[in-house]
Amino acid sequence: MSLKKLFDLTGHTALITGSTRGLGLSYAEGLAEAGATIIVNGTRDDGVAHAVEALSAKGHRAFGKAFDVGNEASIVAAFEAFDREGHEIDILINNAGVQFRKPMVELAVEDWSRVLDVNLTGSFLVAREAAKRMIARKRGGKIVNIASLTSAAGRATVAPYTAAKGAITAITRTMAVEWAPHGIQSNAIGPGYILTEMNEALSENKEFDAWVRASNPSGRWGKPEELVGAAIFLSSPASDYINGQTLYVDGGWLAQL
Ligand SMILES: NC(=O)c1ccc[n+]([C@@H]2O[C@H](COP(=O)([O-])OP(=O)(O)OC[C@H]3O[C@@H](n4cnc5c(N)ncnc54)[C@H](OP(=O)(O)O)[C@@H]3O)[C@@H](O)[C@H]2O)c1
Numbered sequence: 212m213s214l215k216k217l218f219d220l221t222g223h224t225a226l227i228t229g230s231t232r233g234l235g236l237s238y239a240e241g242l243a244e245a246g247a248t249i250i251v252n253g254t255r256d257d258g259v260a261h262a263v264e265a266l267s268a269k270g271h272r273a274f275g276k277a278f279d280v281g282n283e284a285s286i287v288a289a290f291e292a293f294d295r296e297g298h299e300i301d302i303l304i305n306n307a308g309v310q311f312r313k314p315m316v317e318l319a320v321e322d323w324s325r326v327l328d329v330n331l332t333g334s335f336l337v338a339r340e341a342a343k344r345m346i347a348r349k350r351g352g353k354i355v356n357i358a359s360l361t362s363a364a365g366r367a368t369v370a371p372y373t374a375a376k377g378a379i380t381a382i383t384r385t386m387a388v389e390w391a392p393h394g395i396q397s398n399a400i401g402p403g404y405i406l407t408e409m410n411e412a413l414s415e416n417k418e419f420d421a422w423v424r425a426s427n428p429s430g431r432w433g434k435p436e437e438l439v440g441a442a443i444f445l446s447s448p449a450s451d452y453i454n455g456q457t458l459y460v461d462g463g464w465l466a467q468l
């Protein structure tokens, strides 16, 4: 296969959850440049419309659908709308995620559950709806779940996030095993500390910023565009025999003792 074909996404449709800004929007721009039609998602209609406009202005083919990945009915309704509108999703990036920081001894079960609902159960439900249709179409597909450094290491005050992201790597393996016979590859990306809105307060905190720079062999935060290569790779024919893996894009953080 030619180099161009290995990474070519022409003719494919990618749903990227949580793509109105941050890493999701970077994945959307990258996959669109590789030729994919993009479906943008977020919870707010105006955010979705704005991202679709930005992608379209760059000449990309983009559509949008606002739905809450923390709500099963909202996910099922979105996929029924995709069926009616003729969107055949064969690439899913399960990116929508939220963070909530509190010491575990003060953590209410409602806050624990909300983070699990969005980051873990949401990824399962969106993948379930996408895979059901990929299997019926018999043309395979790609699922990319978004993990984190906390999939592999503990961190104080973010218990529900670590629980969700640890489980993301586990269900990625199960998706790979269960759906490989249908030509679907399921993998995950584990971003390090990347400068997005989610981390704005942390990057502005001098102590935290210094800790990130000192703990990381690269000595700096990552940039959203530095995740794009991994997203295109795991969405493209170049990764057709890679299944169930988590690819950490962290500047070497986890490689260091
Ligand atoms: N930034 C990092 O350093 C980092 C590191 C490791 C992992 N990650 C993971 O990467 C993903 C994206 O992070 P980010 O930093 O780009 O976050 P972000 O800047 O906070 O953006 C989050 C995106 O998710 C959407 N979203 C939030 N809740 C949603 C829901 N219930 N349903 C649908 N969409 C929802 C938001 O849209 P609305 O505002 O419209 O809801 C927005 O588009 C997350 O899974 C995060 O855990 C990030």
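Here my numbering runs 211 ahead of the position in the sequence shown, where the first position is 1. The C-beta atom is built at its ideal place from N, Cα and C for all residues, glycine as well. Please read these numbers as outputs of a predicted model, since none were measured by experiment.
Spatial neighbours of A358 in its own chain (CB-CB distance under 6 Å, excluding positions within 5 residues in sequence) are listed in chain order as K376, I379, T380, A399, G401 and T457.
Between the alpha carbons of A239 and N356 lies a gap of roughly 14 Å. In the structure shown, the three-state DSSP call for A367 is coil. Looking from the CA of L303, the closest CA among T383, D322, D256 and V326 belongs to T383.
Nearest neighbour of E436 by Cα position, chosen from D420, V460 and A421, turns out to be V460.
Beta-carbon to beta-carbon, V259 and A277 are separated by about 5 Å, close enough to satisfy the 8 Å threshold.
A straight-line Cα-Cα distance of about 40 Å links D322 and G222. Inter-segment contact for the stretch 331-338 and the stretch 292-308 is present: three or more beta-carbon pairs are separated by less than 8 Å. Taking C-beta atoms as the reference points, I300 and T231 fail to come closer than 7 Å. Fewer than three pairs of CB atoms, one per stretch, sit closer than 8 Å, so the stretch 414-426 makes no contact with the stretch 269-283. Taking the CA atoms as reference points, V316 sits about 38 Å from A342. Per DSSP, K216 is one residue of the alpha helix (DSSP H) stretching across L214 to L217. Between the alpha carbons of K313 and V329 lies a gap of roughly 17 Å. When rounded, the separation of the alpha-carbon atoms in G246 and L220 is 5 Å. E340 sits away from F274, with the two beta carbons spaced by 7 Å or more.
In the DSSP assignment, L458 falls within the beta strand (DSSP E) that extends over T457 to V460.
Assignment of beta-bridge partners to G377 by DSSP yields no partner. If you draw a straight line from the Cα of A367 to the Cα of R325, it is about 18 Å long.
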